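To start, the structure itself, in structure tokens.
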Amino acid sequence: MAELHQNEVTPSAEALATLRPTLITGGKVPADVTRDVCAPMERSPTLLWWGAFLLAASSLLVGVIAVTYQIAMGIGTWGLNRTVGWAFDITNFVFWVGIGHAGTLISAVLFLFRQKWRTSVNRSAEAMTLIAVVCAGLFPVIHMGRPWLAFWMAPYPNTRGSLWVNFKSPLLWDVFAISTYLLISAVFWYVGLLPDLATIRDRSKSPWRRRIAGILSLGWNGSARTWNRYETVYMLLAGLATPLVFSVHTIVSMDFATAVIPGWHTTIFPPYFVAGAIFSGLAMVLTLMLIGRKTMRLENYITVNHIDAMCKLMLAMGCIVGLAYGTEFFIALFSGNPYEQFVFFNRALGPFSWAYWTMVSCNVLVPQLLWFRSIRRNVAVVFVISILVNIGMWFERFVIIVTSLSRDFLPSSWTGYVPTIIEVATLVGSFGLFFTCFLLFCRFFPVIAMAEVKGVIEKPRRAPRQESAQGDAA
Amino acid sequence: MSDRILLANFEQEDDLLDAIGELRAKGYKVLDAFTPYAVHGLDNALGLKPSRLTWVCFVFGMTGALGMLWFEYWVGAIAWAVDVGGKPWNSLPSNVPVAFETAVLLAGFGSVFALLAVCRLYPGKRSTPQLERVTDDRFVLVLDQSDAQIDASQVAAMLRPFNLLELEERIVTAGGIE
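In structure tokens:
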């Protein structure tokens, strides 16, 4: 390699400064990528992993007990009343669906925008999406009270009439949106995994892992013809997932916006919810990545530049969310509608003002720190900000749902809402389910899309080829 | 296809692309190439046509959208006509979200299953040829030996400027390349 550097013209410092920084640091070659990404799967889990897994699994157990109890006893075990008919459960549902959105943003939208840095984070972000949507889907099913009748949501010929579902209801649109989102995310994730599963198949020493990876990789051999078609289908899936992800939270917001409740009945809801969803999801991706890169020694793959880029996205989304909060207030004032005006004064100054100001501080004020490059590149500070945004976004949904319902048109029906221990335990359980699944994913699957990262690492430079070879061709 | 093929191993994508260009310019038939990741420009180098799977996606998507719109109309206006908030029974706007989701669902699953069918990928299939390092860091091109009765040593000499790592000869059987 030494002699070839002499042949090269050294670019000036200014010319180099205009280049994008290297995505993957540490001078990795493809074989290093395979080794580094497969390493956590091939060694026995660390004590830290076991500790985290036990904590997550225990939380999951708490959730299982709580859900079993509330299904046996009925949802009277919750703090709901005749005025506040939706509260904790729907907050959790919207929160988890929102978390999922960043995964699709990173895997599909950034793919269409040719953002190469996504390759380091897309696999785990997609896994996060998948698990978060599963967590989200559980809440409406639990809320039915009789979850064994959940199949009634499907339009199938039945002995009740046939009694068909109501296609004019946003709640039914939601059933289709969430289930489509889950299935398409799963397919997108699995298609992306195919080449990496083949890598695991070919390098595994243990026969059972070789066999399982062999079955799952469907006989993938890396042929150029397969890659050609594969790239086409990957692009199609990204193109389909992009409008899908926007439609999902749009439809979730219509669950509220098509109701006449002041504070819900606004046309700003679809873009406001989509931006909020991506905002919260990016915060969760950052939380997971910052832990993952440290514990799985992937600092060369998920570099400070990746964190910086995600922070910029999070800042942009946070500003859209902040703008939406302001617009809601302005429109309430401007509309001259006393009910709408009351709802917003009540949010900021009423009994749930603590929740409102928690939301504003975590979602609007704290993310402003991300304007500073030094903060975006400070892993510890970014970690704290990501946690705060997660908390803030949970409260956003709580504020929207509970404050609007608790004081509506009729003051005689005004009431408060306090969650019961069962509801809190269900939320804890959903976090348990999320982290249990995510830890298992980190243990058994390549957390970084190896085949994609290999395509974006810097290629080592070779000496200019002998002219004779070119001459012969001519 | 002949009984015998030549597999040329390279360490870098640029070498593979240049070697393919050289071989094709000289009239050799490059059957296929195997790479650890999607190499940009490889389809052009091999003369592969753009995939027609986009049409599969379109047809499935349209089937989903139109099929669901019809079903929603039939359910809402014919089979079980219910007045919902005074909306017309055949209200088109309220039928759009579900039709859109169905279109995405069918288009996505249709294209993926078409991909698996066209590439003949299925659970339990053995990967042929057995090129274990291709899924790690090797680039391999496959040369048909029948066309010009080529001499392996001659090909090796020709590919040496492209940093050829290894040239191996394999037999093709009914089950694929050994």
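Top line first, the protein sequences correspond to chains C and W.
The first sequence begins at 494 in this note's numbering and counts up by one.
The second sequence begins at 68 in this note's numbering and counts up by one.
For glycine and all other residues, C-beta sits at the position ideal for the given N, C-alpha and C.
None of the values given here were measured: they were computed from a predicted structure.
Chain W within 8 Å of residue 917 of chain C, Cβ atoms only: Start at 1 with the first residue of the first sequence, and residue 917 of chain C comes out as number 424. Not an interface residue.
Rounded C-alpha distance that separates residue 147 of chain W from residue 834 of chain C: Locating residue 147 of chain W in the second sequence gives position 80, counting from the first residue. Locating residue 834 of chain C in the first sequence gives position 341, counting from the first residue. Rounded to whole angstroms, residue 147 of chain W to residue 834 of chain C spans 40 Å at the Cα level.
Endpoints, alpha helix (DSSP H) assigned at residue 157 of chain W: Locating residue 157 of chain W in the second sequence gives position 90, where the first residue counts as 1. Taken as a continuous stretch (DSSP letters only), residue 157 of chain W belongs to no alpha helix (DSSP H), as it is neither H nor E.
Selection from W:211, W:167, W:178 and W:77 that minimises the alpha carbon distance to residue 99 of chain W: Looking up residue 99 of chain W in the second sequence gives position 32. Taking only the C-alpha atoms, the option nearest residue 99 of chain W is W:211.
Cβ-heavy atom distance, residue 903 of chain C to the ligand HEM, below 7 Å: For the ligand HEM, the structure offers nothing, since it holds no ligand at all.
Pick from C:884, C:920, C:620 and C:546 that is closest to residue 677 of chain C, judged by C-alpha positions: Indexing the first sequence from 1 puts residue 677 of chain C at position 184. When each option's Cα is compared against that of residue 677 of chain C, the closest is C:620.
DSSP three-state assignment for residue 207 of chain W, whether helix, strand or coil: For this step, residue 207 of chain W is matched to residue 140 along the second sequence. The answer is strand: DSSP assigns residue 207 of chain W an E or B state.
Of the residues C:557, C:576, C:665 and C:599, the one placed nearest residue 628 of chain C, counting alpha carbons only: Within the first sequence, numbered from 1, the residue matching residue 628 of chain C stands at position 135. Out of C:557, C:576, C:665 and C:599, C:557 has the C-alpha closest to the C-alpha of residue 628 of chain C.
Near-chain C residues of the region 189-203 of chain W - C-beta to any C-beta below 8 Å: 189, 190, 191, 192, 193, 194, 195, 196, 198, 199, 200, 201, 202 and 203
7 Å Cβ shell around residue 668 of chain C - same chain, five flanking residues per side excluded: Position 175 of the first sequence holds residue 668 of chain C. Cβ neighbours of residue 668 of chain C beyond the five flanking positions: 646.
DSSP three-state assignment for residue 600 of chain C, whether helix, strand or coil: As a first step, residue 600 of chain C is located in the first sequence; it is residue number 107 there, counting from the start. Reduced to three states, the DSSP call for residue 600 of chain C is helix.
Validate contact between the region 689-708 of chain C and the region 936-948 of chain C using beta carbons, cut 8 Å, 3 pairs: yes
Candidates W:108, W:86 and W:82, of which the one nearest residue 720 of chain C by Cα: As a first step, residue 720 of chain C must be located in the first sequence, where it is residue number 227. It is W:108.
Helix, strand or coil at residue 118 of chain W [DSSP, three-state]: Locating residue 118 of chain W in the second sequence gives position 51, where the first residue counts as 1. In the structure shown, residue 118 of chain W sits in coil (DSSP, three-state: anything other than H, G, I, E or B).
Closest by C-alpha distance to residue 561 of chain C, when choosing among C:576, C:900, C:602 and C:915: The sequence position of residue 561 of chain C within the first sequence is 68, counting from 1. Cα-wise, what sits closest to residue 561 of chain C is C:915.
Residue 138 of chain W versus W:238, W:175, W:163 and W:94, residue with shortest Cα-Cα distance: As a working note, residue 138 of chain W is residue 71 in the second sequence. Comparing Cα positions, the closest option is W:163.
Selection of the region 161-174 of chain W by Cβ proximity to chain C, strictly under 8 Å: 161, 162, 164, 165, 167, 168, 169, 171, 172 and 174
The region 795-814 of chain C / the region 761-779 of chain C touching (three or more Cβ pairs under 8 Å): yes
Under 9 Å from the C-beta of residue 178 of chain W: neighbouring residues of chain C: The count along the second sequence starts at 1 and reaches residue 178 of chain W at position 111. Here the neighbours are 725, 726, 729, 730 and 733.
Nearest-angstrom Cα separation, counted from residue 198 of chain W out to residue 524 of chain C: The sequence position of residue 524 of chain C within the first sequence is 31, counting from 1. The sequence position of residue 198 of chain W within the second sequence is 131, counting from 1. Taking the straight line from one Cα to the other gives about 15 Å.
Residue 111 of chain W, enclosing alpha helix (DSSP H) - first and last residue: Here the question's residue 111 of chain W lines up with position 44 in the second sequence. Unbroken alpha helix (DSSP H) run through residue 111 of chain W: 109-113.
CB contact check: residue 218 of chain W to chain C, cutoff 8 Å: The count along the second sequence starts at 1 and reaches residue 218 of chain W at position 151. It does not; no Cβ of chain C falls within 8 Å.
For residue 746 of chain C, three-class secondary structure by DSSP: Locating residue 746 of chain C in the first sequence gives position 253, counting from the first residue. The answer is helix: DSSP assigns residue 746 of chain C an H, G or I state.
Interface residues of chain C facing residue 99 of chain W [CB-CB closer than 7 Å]: Mapped onto the second sequence, residue 99 of chain W falls at position 32. Per Cβ cutoff of 7 Å: 716, 717 and 718.
Residue environment, residue 923 of chain C, which counts as buried when at least 16 other CB atoms sit within 10 Å: Counting from one through the first sequence, the residue named residue 923 of chain C turns up at place 430. Under this definition residue 923 of chain C is a buried residue.
C-alpha distance - residue 169 of chain W paired with residue 129 of chain W, whole-angstrom precision: Here residue 169 of chain W is taken as the residue at index 102 of the second sequence, counted from 1. Here residue 129 of chain W is taken as the residue at index 62 of the second sequence, counted from 1. Approximately 9 Å, taken between the alpha carbons.
Rounded C-alpha distance that separates residue 175 of chain W from residue 743 of chain C: Taking the first residue of the second sequence as position 1, residue 175 of chain W is located at position 108. Taking the first residue of the first sequence as position 1, residue 743 of chain C is located at position 250. Answer to the nearest angstrom: the Cα atoms are 20 Å apart.
Same chain, Cβ closer than 7 Å to residue 852 of chain C, neighbours up to 5 away in sequence not counted: Numbered from its first residue, the first sequence carries residue 852 of chain C at position 359. Around residue 852 of chain C: 885, 888, 889 and 892.
Closest by C-alpha distance to residue 904 of chain C, when choosing among C:917, C:912 and C:832: Position 411 of the first sequence, counted from the start, is the residue given in the question as residue 904 of chain C. Per the Cα distances, C:832.
Collapsed DSSP secondary structure at residue 99 of chain W in the structure displayed: Position 32 of the second sequence, counted from the first residue, corresponds to residue 99 of chain W. In the structure shown, residue 99 of chain W sits in a strand (DSSP, three-state: E or B).
Three-state class that DSSP yields for residue 871 of chain C in the structure shown: Translated into the one-based positions of the first sequence, residue 871 of chain C becomes position 378. Coil, per DSSP.
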